[in-house]
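Asker: Numbering (this note's numbering), first residue to last: 165 to 563. A single structure is presented below for examination.
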Ligand code: PLP
């Protein structure tokens with residue numbers, strides 16, 4: 165195999181995206197000249213507070229909500245934790261049952277796990293082989309003591325988009341609040357809070373070419389989660405901690421650009437992804453394309469390459485300068501097969517050979533050609549030394 169260390173192709177946009185240059189220039193003054201603390205009463209503080217207010221208004225306007233319904237957080241993980249734990253605590257007198265799905269991000273899964281230790285009950289809805297949740301399963305799961313349903317808008321590993329509007333209507337018809345993690349969807353597909361009807365929604369800026377370490381939780385007026393982070397009176401007393409002014413400014417700018425360019429980027433990214441998927445299916449044998457075909461994020465392509473380990477393919481592609489992922493970024497330190505793929509009924513040995521490629525606005529067709537070529541070369545090489553492949557071909561008799 166030829167190693168090309170000079171060549172770098174980034175196909176891991178679901179893990180994070182590069183900061184947009186327009187976003188960076190909007191943020192820079194708030195690191196230097198306009199460095200004030202947004203809570204200070206003097207003019208340095210009020211300049212910073214004005215920037216934070218403008219960012220909040222811009223985000224609210226894009227989402228079609230009131231600016232008082234947007235709370236800044238340190239990212240998607242905090243917003244997810246806050247939604248789950250905050251509603252659980254606030255509504256515990258009504259009940260201690262929460263419904264979520266079996267394919268949520270670790271930020272939801274871990275919060276739910278912690279609640280179980282505190283006497284809450286969690287129902288994890290199953291998904292079909294494409295990663296879709298069935299509305300009738302949700303309907304049957306809701307009980308008189310259910311206080312919250314939390315289902316992600318789009319999955320980070322396979323890109324499946326859930327029918328949130330319909331699921332939300334079911335929850336509301338039974339007087340249950342609805343939270344959705346829109347971290348992967350925001351900036352990739354149109355997201356309208358009023359159309360979805362959700363009570364809480366999670367965002368994270370670094371997934372749409374904004375800075376890392378900043379996100380937001382939309383909380384519908386009248387819905388009152390308990391606080392997660394306590395301290396000062398920031399975020400209208402709901403979340404303590406000095407506001408990260410440059411990050412918040414950057415998040416608003418990134419969202420503005422993402423929505424402004426959504427149509428153009430959607431087409432470009434989807435065309436590249438479809439071209440990639442077609443090419444892989446033509447050039448590589450024994451591959452399974454995981455996830456929904458139609459209700460799917462444009463950037464996501466998740467493949468299981470049979471008879472090889474995803475990690476080996478990932479590392480070999482990295483040597484060729486190609487960045488992709490063998491699971492979600494947060495769990496890629498683990499060698500366990502993905503809980504998402506297992507929930508979709510993919511056998512563990514096939515889930516082990518799965519790789520997520522996620523495209524972005526700066527990728528090119530030429531990069532796709534280079535990647536397909538390297539995948540083909542690497543998969544062939546790994547299969548040559550794979551006992552499973554030898555057994556499959558009949559070269560080795562199993563004992
Ligand atoms: N939710 C989903 C679906 C994600 O993909 C991620 C990040 O990978 C998160 C939540 C966590 O967001 P953050 O990285 O901002 O903490």
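Think of the CB as a built atom: it goes at the ideal place given N, C-alpha and C, for glycine as much as any other residue. Nothing here was measured: the structure is a model prediction, and the numbers come from that model.
1) How many angstroms separate the CA atom of residue 209 from the CA atom of residue 299?
2) Helix, strand or coil, according to DSSP, for residue 459 in the structure here?
3) Would you tell me roughly how many angstroms separate the C-alpha atoms of residue 501 and residue 449, rounded to the nearest one?
4) Rank 216, 270, 487 by C-alpha distance to the C-alpha of residue 191 and give the top, closest one.
5) Going by the DSSP bridge assignment, what does residue 452 pair with across the sheet?
6) Mapping DSSP to helix, strand and coil, what is residue 496?
7) Sorry if obvious, but does the Cβ on residue 368 come closer than 7 Å to a heavy atom of ligand 1?
8) For residue 358, count neighbouring Cβ atoms within 10 angstroms of its own Cβ and tell me buried if that reaches 16, exposed if not.
9) What would DSSP say about residue 343, mapped onto helix, strand or coil?
10) Suppose the cutoff is 7 Å on Cβ atoms and the five residues either side in sequence are ignored; what does the same chain contact list for residue 390 look like?
11) From residue 328 to residue 317, what does the alpha carbon distance come to, in whole angstroms?
12) Can you check which of these residues, 180, 224, 185, 193, is closest to residue 409 by C-alpha distance?
13) Does the beta-carbon of residue 466 have 16 or more other beta-carbons within 10 angstroms, so that it is buried, or is it exposed?
14) Give me the residue from 269, 287, 187 with the minimum Cα distance to residue 344.
15) Going by C-alpha to C-alpha distance, which of 213, 362, 265, 403 sits closest to residue 339?
16) Nearest-angstrom Cα distance between residue 309 and residue 260?
17) Hey, would you say residue 207 sits closer than 8 Å to residue 272, going by beta carbons?
18) If you check the beta carbons only, do residue 380 and residue 243 fall under 8 Å apart?
19) Identify whether residue 590 lies in helix, strand or coil by the three-state DSSP scheme.
20) Is the separation between the beta-carbon of residue 186 and that of residue 433 shorter than 8 Å?
21) So, under 8 Å CB-CB, residue 415 and residue 349 are touching, yes? Tell me the CB distance rounded to an integer number of Å.
22) Run through the DSSP bridge pairs and tell me what residue 287 is partnered with.
23) Return the chain-ordered list of same chain residues with a C-beta closer than 8 Å to the C-beta of residue 547, the five sequence neighbours on each side being excluded.
24) Going by alpha carbons, who is nearest to residue 285 out of 294, 296, 248?
25) Ligand 1 and residue 170: does any heavy atom of the ligand fall closer than 7 Å to the residue's C-beta?
26) What number of angstroms, rounded off, separates the C-alpha of residue 558 from the C-alpha of residue 442?
27) Give the straight-line distance between the Cα atoms of residue 490 and residue 353, rounded to the nearest whole angstrom.
28) Is the separation between the beta-carbon of residue 346 and that of residue 331 shorter than 8 Å?
29) Going by CA-CA distance only, name the one from 503, 277, 538, 311 that's closest to residue 257.
30) So, for residue 543: in the same chain, excluding its five sequence neighbours on each side, which residues have a beta-carbon less than 6 Å away from its beta-carbon?
31) Suppose contacts are defined by Cβ-Cβ distances below 8 Å. Is residue 371 in contact with residue 351 by that definition?
32) Is the beta carbon of residue 517 less than 8 Å from the beta carbon of residue 177?
33) What did DSSP end up calling residue 364 once you bin it into helix, strand or coil?
34) Rounded to whole angstroms, what's the CA-CA distance from residue 232 to residue 385? Just pull it up for me.
35) If the criterion is Cβ atoms closer than 8 Å, does the pair residue 444 and residue 536 meet it?
36) Could you tell me which residues DSSP pairs with residue 522 in its beta bridges?
Answerer: So, from the listed chains and residues:
1) Each residue's alpha carbon lies about 48 Å from the other.
2) coil
3) Going by C-alpha positions, residue 501 is about 22 Å away from residue 449.
4) 216
5) Answer is 468, bridged to residue 452.
6) Because the pLDDT at residue 496 is just 49, under 50, the model does not fix this residue reliably, and the value given afterwards should be weighed accordingly. It is coil, neither helix nor strand.
7) yes
8) Around the beta carbon of residue 358, fewer than 16 other beta carbons lie within 10 angstroms, which makes this residue exposed.
9) strand
10) 250, 253, 254
11) 6 Å
12) 193
13) buried
14) 269
15) The candidate whose alpha carbon is nearest that of residue 339 is 362.
16) 6 Å
17) no
18) yes
19) Since the first residue shown for the chain is 165 and the last is 563, residue 590 is missing from the structure and cannot be characterised.
20) no
21) About 16 Å separates the beta carbon of residue 415 from that of residue 349, a gap too long to meet the 8 Å contact definition.
22) 263
23) 471, 472, 553
24) 248
25) no
26) 29 Å
27) 24 Å
28) No, Cβ-Cβ distance for residue 346 and residue 331 is not below 8 Å.
29) 311
30) 448, 469
31) yes
32) no
33) strand
34) 8 Å
35) yes
36) 176, 464
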